[in-house]
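First to last, the sequence lines map onto chains V and C.
So the first sequence is numbered by the working numbering: it starts at 1 and just counts up by one.
So the second sequence is numbered by the working numbering: it starts at 1001 and just counts up by one.
Yeah, the Cβ is synthetic: ideal placement off N, Cα and C, and Gly gets one too.
To keep things clear, I will list the structure first and then write my remarks on it.
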Amino acid sequence: MNMKEIKKIGRNWLRRDAAEKLRGNPVFCADLTLENPLTLKVLRSTHAHARIKRIDVDRASRTQGIARIFTAADIPGKNLAGIINKDHPLLVPDKVRHVGDAIALVAAETETAAERALQAIQVTYEDLPVIRDPEEALKEDAPRIHETGNLLFTRKIKRGEVERAFDDCAVVVEKTYRTSFLEHAYLEPDAGAGYVAADGTLVIYASTQNPHYDHGEVASLLGVAHEKVRIIQAATGGGFGSKLDLNTQGFIGLALYYLGRPVRYVYSREESFLATAKRHPLTITIKTGTDSQGRLMAMRARILCDTGAYGSYGIAVASRAAVHATGPYEVPNVDIEALCVYTNNPFAGAMRGFGAPQAAFAFESQMDLLAGELGISPLEMRRQNALREGSFTGTGQKLTASVGIRDCLNAVKPFYERVMEKWRHDPAPTFKKRGVGLGAMWYGIGNTGLQNPSTAQIEMDPEGSVTLYTGCADIGQGSTTVLSQIAGEMLGLSPGAIRAVVADTKYTTDAGATSASRQTYISGNAVKDAAGKLVEILLTEASNLLKRPKESLIVDSGLIRDKNDPEKTVPVTDIVRRAHEKGLSLKCQGSFDPVTEPLDPETGQGVPYATYAFACHLAQVTVDVLTGEVEVNRIVAAHDVGKAINPAGVIGQIYGGVAMGIGFGLMERYVPGRTVSLNDYDIPTCKDMPDIVPIVVESAEPTGPYGAKGVGEPALIPTAPAVLNAISDALGERIYTLPANLERVLEAAVAAGVFPGSHGVKQPA
Amino acid sequence: MEPCRQVPVAFTINGRAVSLEVAADETALHVIRDRLLLKGTKEGCGIGECGACTIVVDGKAVNACLMLAAQLQGRNIMTVEGLIEKHELSVLQKAFLEDHAVQCGFCTPGMLMSSCALLKDKPRPDKGDIVDAISGNLCRCTGYQQVVGAIQDAARRLFGEKA
Ligand code: FES
Ligand code: FES
């Protein structure tokens, strides 16, 4: 690599797309101007599990302002979608599996006409037994939700001799932890728009995390060649995993295919709640044992994931929950089994962390319980078991570099010691109790034991201007800015000077999903690879011209110069001209695919991820034992991100993750059939936020671009466990089910005998 | 369904006088987005829970999805599009940009309008005032920290240090 000073990496760069959003420009799907568009709406099932005997659209089709009504029979291609397993029909042909399943698509002149038609469609259902509980679904005689059976997937991880190890343990703790369905509640309800281009291409604007996946899926649903479909990611108002599934894309494609007129489909908040993926509720029974010194010796876990009506990312969630169940600790003997099960609940898919947040709640609660039994401080308990270079994980992977968990624990240590000494014991107001808790985590970057490549191109035009082509969807996390910084660093240009063509399937190649905290690491490397190849061409040409060895040349601010002889320079544009004259292409292709090894189906042994992010949060809470209210006073959040390419962006992710973690820990719960909209689903407001002290730890990853790993999901994972451990510290009683809402906290306060009504506690005069 | 009764309304929006006929049950949000084609104001829920549709009406921050268009009569309205000063971002918008207060940006126009109303009312707000002012604006991305920071910065730049 060039020996020039690093200038663009590790500095705060302003987000490239912020100005247009601040101006209120029409960049989201719902804002786009279309020529005389039709409005789309879907008739959704009101039954959780039923055979469809008949769909009568006759009367509805004759209502005023209806262009057409579509049912499954109209789908020209393969009526099944799904990124991992294809089980999700765009419009159900014969049976509904959850309330909200799509039955018919209406294309109408106006919103009102569409609504009227929806009401006029007659569906005759024949009810089937409804399964809400995944344990029920697993029973031998349970009705089958899908032909293939209700057990979608099992991930086993087995290492060492668990039973024998438990026999030798000094302390063993076994508990069951439960979490709820969650709604992603991104601020922009799902939306899409489209038109048919002059050449017949179906052009679809989407609010999406993965345009290239959408592309393949729409082409397959319609049975058309890939070139016939173009997906353009419009500005996307958050996704957090849910916008990895198709939302409106397939419906828009279907309407365009038949009607040829511009269409738009904007979900109401209610439809977004009803029809899109949720976070998987997990039931985790976990048994953990240590020796008398507190060294973890064995763990057994059974994890049940309710994936609802469809698979979506369920397999990935189960797999990741299993791999991450040990936490960032060395556990020599493990026996973990995660089952992913269909029910008639809303389908569950990816949500920030893919099962790792749920697993962290369980393993971090276990750590505190064990520390309590052993009489060691929770911090020491974690420090002495934390993974290090040379450690083996539960899947038998030997970690060789960038294992920053100890650094994170050490970063939090002074804060922890200070609050344990003073704040924790300072007198709290009457009926209020203070508590302090820790939550640590690890998170594998990228897909679990699967290939997950990214590609990118960098092109220099004859004037020396650079264009970056990337399929990577920026959904608000700032990937376009980070990728521009990487390209800028390589090419000695300001990131702002690089034109970016992003997430348009006509001009970009596949960068994979914006998920699994993978884009900085994987697409960052792809961009670096492409830029490196371009630099190589430029330097080769310049070396010929300047008669200097290539190794001594660098490209910087539009010049190529000799490091050792500042007089020796040539403008990049001269080199570009020479290259063009010689017919050399200055559009370079880059790619990266992290090295992983598939997990063995029986033992789960393998290398699921090339690198891991680590973190530890410290939570200080004040619990009101009269109301059950928990005030989170402060979160200290230390994150090993490898290298913060754009520190302000990393810190923004940490803040946002903490907010979502507080929601997960204390308030959020989506109840199928009951939760309808934002008035019965609370997410944290500005008032719920604690002071946050973000600490960026940089344990460089040798295979990462400039050492970077990722932070998007890790940001959220430790918060809820830290808060729950703090509540338990405050009350002396633990909560095993999330969220720790008012009821559950009060219940715990009563059980702990600290609720003023409880026996033995004196009411103050 | 009977077509709804039409009522005439006249109001000022971003300094421009408009008069039009609106349906009696039409929301201000609908008129702003779909009739006046000002798409900066967002719809995140339609029921007054998210604040994405916040506009400033006679100096006060209001949820446009809860306001009837007929109620706009005689009022002075400002939307995010009205913040721009001579094609440039205003001080408040620049502070949001420079303090990294925008992630996905969907909540941003609403946040800007709530803070704009706050700064008009209280040029030197303390942190509590800011938290109150934007407590009706949900943001799922930022955790609010950089938003609060940006509003503090904007106040400082506009009106000087807090006394
Ligand atoms: S759209 Fe008005 S408050 Fe949500
Ligand atoms: S920046 Fe995405 S909702 Fe606020």
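Name the chain C residues whose beta carbon is nearer than 7 angstroms to that of G652/V?
Locating residue 652/V in the first sequence gives position 652, counting from the first residue. What G652/V touches in chain C: H1100, Q1103, T1142 and Q1146.
Compute the Euclidean distance between the alpha carbons of A765/V and M367/V, then round it to the nearest angstrom.
Within the first sequence, residue 765/V is the residue found at index 765, counting from 1. Within the first sequence, residue 367/V is the residue found at index 367, counting from 1. Bear in mind that a pLDDT of 38 at A765/V, under 50, signals an unreliable position, so the number given afterwards is only what the model happens to contain. Cα to Cα, the separation comes out at about 39 angstroms.
Counting Cβ pairs closer than 8 angstroms, one from the stretch 594-606 of chain V and one from the stretch 704-711 of chain V, do we hit at least three?
Contact between the stretch 594-606 of chain V and the stretch 704-711 of chain V is not established, with fewer than three Cβ pairs separated by less than 8 angstroms.
I'd like the list of long-range same chain contacts for D335/V, defined as Cβ closer than 7 angstroms, with 5 residues on each side in sequence excluded.
What you label residue 335/V is simply residue 335 of the first sequence in a count that begins at 1. Taken in chain order, the residues that qualify are K158, V162 and R300.
Quick check on the burial criterion: 16 or more other C-beta atoms within 10 angstroms. Buried or exposed for A73/V?
Here residue 73/V refers to the residue found at position 73 when the first sequence is read from its first residue. Its Cβ having fewer than 16 others within 10 Å, A73/V is exposed.
Determine whether the beta carbon atoms of G241/V and A325/V lie at a separation below 8 angstroms.
Along the first sequence, read from residue 1 onward, the residue named residue 241/V stands at position 241. Along the first sequence, read from residue 1 onward, the residue named residue 325/V stands at position 325. The Cβ-Cβ distance between G241/V and A325/V does not fall below 8 angstroms.
Beta carbon of E271/V, beta carbon of G238/V: below 8 angstroms?
Taking the first sequence and counting its residues from 1, the one referred to as residue 271/V is at position 271. Taking the first sequence and counting its residues from 1, the one referred to as residue 238/V is at position 238. No, they are not a contact pair.
Contact between the stretch 466-476 of chain V and the stretch 220-238 of chain V is defined here as three or more beta-carbon pairs at a separation below 8 angstroms; is this criterion met?
yes
Measuring only the C-alpha atoms, how far is S728/V from A749/V?
Counting from one through the first sequence, the residue named residue 728/V turns up at place 728. Counting from one through the first sequence, the residue named residue 749/V turns up at place 749. One C-alpha to the other measures close to 10 angstroms.
Looking at C-beta atoms only, is the number of pairs between the stretch 201-208 of chain V and the stretch 138-152 of chain V that lie closer than 8 angstroms three or more?
Contact fails: fewer than three Cβ-Cβ distances are below 8 angstroms.
Rounded C-alpha distance that separates E459/V from T573/V
In the first sequence, counting from the first residue as 1, residue 459/V sits at position 459. In the first sequence, counting from the first residue as 1, residue 573/V sits at position 573. Cα to Cα, the separation comes out at about 13 angstroms.
Listed in chain order, which residues are found with a beta carbon closer than 6 angstroms to a heavy atom of ligand 4?
With respect to ligand 4, the structure shown offers nothing to examine, as its ligands consist of ligand 1 and ligand 2.
So with Cβ pairs under 8 angstroms, would you call G760/V a contact of chain C?
Within the first sequence, numbered from 1, the residue matching residue 760/V stands at position 760. Residue placement at G760/V is flagged as unreliable, the pLDDT there being 49, under the threshold of 50; the coordinate-derived value follows with that caveat. False, the Cβ-Cβ gap to chain C never drops below 8 angstroms.
Taking Cβ to Cβ, would you say A726/V is nearer than 8 angstroms to Q620/V?
Position 726 of the first sequence, counted from the first residue, corresponds to residue 726/V. Position 620 of the first sequence, counted from the first residue, corresponds to residue 620/V. Yes, Cβ-Cβ distance for A726/V and Q620/V is below 8 angstroms.
Contact criterion: CB-CB distance below 8 angstroms. Does F1106/C meet it with respect to chain V?
One-based indexing of the second sequence puts residue 1106/C at position 106. Closer than 8 angstroms to some Cβ of chain V, the Cβ of F1106/C qualifies, so yes.
Look at P714/V and S517/V and say whether their C-beta atoms are less than 8 angstroms apart.
Stepping through the first sequence from its first residue, residue 714/V is reached at position 714. Stepping through the first sequence from its first residue, residue 517/V is reached at position 517. Cβ distance < 8 angstroms, so P714/V and S517/V count as in contact.
Give a yes or no on whether the C-beta atoms belonging to M1113/C and V1148/C are separated by under 8 angstroms.
Here residue 1113/C refers to the residue found at position 113 when the second sequence is read from its first residue. Here residue 1148/C refers to the residue found at position 148 when the second sequence is read from its first residue. No, these two residues do not count as a Cβ contact at 8 angstroms.
How would you list, in chain order, the residues of chain V whose beta-carbon sits under 7 angstroms from the beta-carbon of F1096/C?
Locating residue 1096/C in the second sequence gives position 96, where the first residue counts as 1. Within chain V, the residues near F1096/C are L22.
Do G704/V and Y521/V come within 8 angstroms of each other at the CB atom, strictly closer than that value?
Along the first sequence, one-based indexing puts residue 521/V at 521. Along the first sequence, one-based indexing puts residue 704/V at 704. In contact: Y521/V and G704/V (Cβ atoms closer than 8 angstroms).
DSSP state of I415/V, grouped into three classes?
For this step, residue 415/V is matched to residue 415 along the first sequence. Here residue 415/V turns out to be Phe, not Ile, going by the sequence shown. DSSP places F415/V in helix when its eight states are reduced to three.
Suppose the cutoff is 6 angstroms on Cβ atoms and the five residues either side in sequence are ignored; what does the same chain contact list for E304/V look like?
Against the first sequence, residue 304/V aligns to sequence position 304. Reading off the sequence shown, one finds Leu at residue 304/V, where the question assumed Glu. Closer than 6 angstroms at Cβ, skipping near neighbours: P134, T283 and L339.
Are the beta-carbon atoms of L379/V and Y416/V separated by less than 8 angstroms?
As a first step, residue 379/V is located in the first sequence; it is residue number 379 there, counting from the start. As a first step, residue 416/V is located in the first sequence; it is residue number 416 there, counting from the start. A contact, by the Cβ cut-off of 8 angstroms.
Establish whether the CB of C1004/C and some CB of chain V are separated by less than 8 angstroms.
Against the second sequence, residue 1004/C aligns to sequence position 4. It does not: the Cβ of C1004/C has no partner Cβ on chain V nearer than 8 angstroms.
State the Cα-Cα distance for the pair E126/V and H49/V, rounded to the nearest angstrom.
Taking the first residue of the first sequence as 1, we reach residue 126/V at position 126. Taking the first residue of the first sequence as 1, we reach residue 49/V at position 49. One C-alpha to the other measures close to 9 angstroms.
Hey, could you find the ends of the beta strand (DSSP E) I9/V is sitting in?
Locating residue 9/V in the first sequence gives position 9, where the first residue counts as 1. Judged by DSSP secondary structure, I9/V falls outside any beta strand (DSSP E); it is assigned neither H nor E.
Can you list the residues of chain C that K687/V reaches, using a CB-CB cut of under 7 angstroms?
For this step, residue 687/V is matched to residue 687 along the first sequence. Result: V1131 and S1135.
When the cut-off is 8 angstroms and only beta carbons count, does A1155/C lie next to chain V?
Position 155 of the second sequence, counted from the start, is the residue given in the question as residue 1155/C. A1155/C does not count as touching chain V.
Closer than 9 angstroms at the beta carbon, the chain C residues around N679/V:
Start at 1 with the first residue of the first sequence, and residue 679/V comes out as number 679. The answer, in chain order, is C1045, I1047, G1048 and E1049.
Note the first and the last residue of the continuous beta strand (DSSP E) segment covering H324/V.
Residue mapping note: residue 324/V aligns to position 324 of the first sequence, counting from 1. Where H324/V is concerned, there is no enclosing beta strand (DSSP E), although the alpha helix (DSSP H) it sits in stretches over G314 to H324.
Return yes when the Cβ of A348/V is within less than 8 angstroms of the Cβ of S312/V, no when it is not.
Position 312 of the first sequence holds residue 312/V. Position 348 of the first sequence holds residue 348/V. It is a contact, given that the beta carbons lie within the stated cut-off.
Can you tell which of C1141/C, N1014/C, C1139/C and S1115/C has the C-alpha that lies nearest to the C-alpha of D1129/C?
Stepping through the second sequence from its first residue, residue 1129/C is reached at position 129. Residue S1115/C is the option with its Cα nearest to D1129/C.
Within 10 angstroms of its Cβ, does A225/V collect 16 or more other Cβ (buried), or is it exposed?
Position 225 of the first sequence, counted from the start, is the residue given in the question as residue 225/V. Flag for A225/V reads exposed.
I need the boundaries of the beta strand (DSSP E) containing Y213/V, first residue and last residue.
Residue 213/V sits at position 213 when you count from the first residue of the first sequence. Looking at the DSSP string, Y213/V is not in any beta strand (DSSP E); the run it does join, the alpha helix (DSSP H), is P211 to L222.
Contact defined as beta carbons within less than 8 angstroms: I believe G404/V pairs with S591/V. What is the distance between those atoms, to the nearest angstrom?
Here the question's residue 404/V lines up with position 404 in the first sequence. Here the question's residue 591/V lines up with position 591 in the first sequence. Going by Cβ atoms, the distance from G404/V to S591/V rounds to 27 angstroms, so no, they are not a contact pair.
So which residues of chain V does L1158/C contact, with C-beta pairs closer than 9 angstroms?
Sequence index remark: in the second sequence, residue 1158/C carries index 158 (1-based). Correct list: empty, because the minimum Cβ distance to chain V is about 16 angstroms.
Give the straight-line distance between the Cα atoms of I1013/C and N1137/C, rounded to the nearest whole angstrom.
As a working note, residue 1013/C is residue 13 in the second sequence. As a working note, residue 1137/C is residue 137 in the second sequence. Answer to the nearest angstrom: the Cα atoms are 22 angstroms apart.
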